[in-house]
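**Q** Residue numbers (my numbering): 1398 to 1577.
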């Protein structure tokens, strides 16, 4: 019996990855949900140059760069202008970690890779001591919401309808009896 699961690895994003990120961010499936590519590239530059605490990564499927994933510390955004725009940030525990991802290559969409990558990344975050992990898709992005549910994320009931254009979802690990 062979194992058909893809090999998933992560490497910190570096300046050398910016041309690839630019190409990905200009793809229609990315601009729909991530916004202006040049603005996003500026945010990523801030991350890799240490002006933002968000940690960006490229994820690889079977050794090939396939997409982007990042994690951010909720505590770093609970005060200030971002929390004024997104007050739900203040409703979360300060030790919460937020995650965002996108498959960069459009021909790899809708193959179950997003949920597999996210589950793998969350497992790694848990080994780093992070217990509360959220993701905040636009609820209109049904493909993403379904992928996140497959990876073990569920909407936080107390925040449904109170988070503007975001659906706040928390990861729940599988229990011994196979439930979340």
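Note that beta-carbon positions come from the ideal geometry of N, C-alpha and C, so glycine has one too.
Around the Cβ of residue 1557, are there at least 16 other Cβ atoms within 10 angstroms (buried) or fewer (exposed)?
**A** Against the chain shown, residue 1557 aligns to sequence position 160. The residue in question, residue 1557, is exposed, as its Cβ has fewer than 16 Cβ neighbours within 10 Å.
**Q** Indicate the three-state DSSP secondary structure (helix, strand or coil) for residue 1563 in the structure shown.
**A** Mapped onto the chain shown, residue 1563 falls at position 166. Residue 1563 falls in the coil class under three-state DSSP.
**Q** Note down, in chain order, each residue of its chain lying with its Cβ closer than 7 Å to the Cβ of residue 1431, except the 5 sequence neighbours on either side.
**A** For the purposes of this step, residue 1431 is taken as the residue at position 34 of the chain shown. The answer, listed in chain order, is 1422, 1437, 1499.
**Q** Considering residue 1516, what are the terminal residues of the alpha helix (DSSP H) in which it resides?
**A** Taking the first residue of the chain shown as position 1, residue 1516 is located at position 119. Residues 1510-1524.
**Q** Determine which residues share a DSSP beta bridge with residue 1469 and list them.
**A** As a working mapping, residue 1469 is identified with position 72 in the chain shown. Beta-bridge pairing links residue 1469 to 1495.
**Q** Between the Cα of residue 1511 and the Cα atoms of 1415, 1446, 1455, which residue gives the shortest distance?
**A** Position 114 of the chain shown, counted from the start, is the residue given in the question as residue 1511. Among 1415, 1446, 1455, the Cα nearest to that of residue 1511 is on 1455.
**Q** Whole angstroms are fine: how far does the CA of residue 1449 sit from the CA of residue 1440?
**A** Position 43 of the chain shown, counting from 1, holds the residue named residue 1440. Position 52 of the chain shown, counting from 1, holds the residue named residue 1449. In a straight line, the C-alpha of residue 1440 is about 8 Å away from that of residue 1449.
**Q** Could you please give me the residues that DSSP links to residue 1552 through a beta bridge?
**A** For the purposes of this step, residue 1552 is taken as the residue at position 155 of the chain shown. For residue 1552, which the question treats as bridged, DSSP gives the partners 1566.
**Q** So, using beta-carbon positions, are residue 1536 and residue 1506 closer together than 8 Å?
**A** On the chain shown, residue 1536 is found 139 positions in, with the first residue counted as 1. On the chain shown, residue 1506 is found 109 positions in, with the first residue counted as 1. In this structure, residue 1506 does not lie closer than 8 Å to residue 1536 by Cβ.
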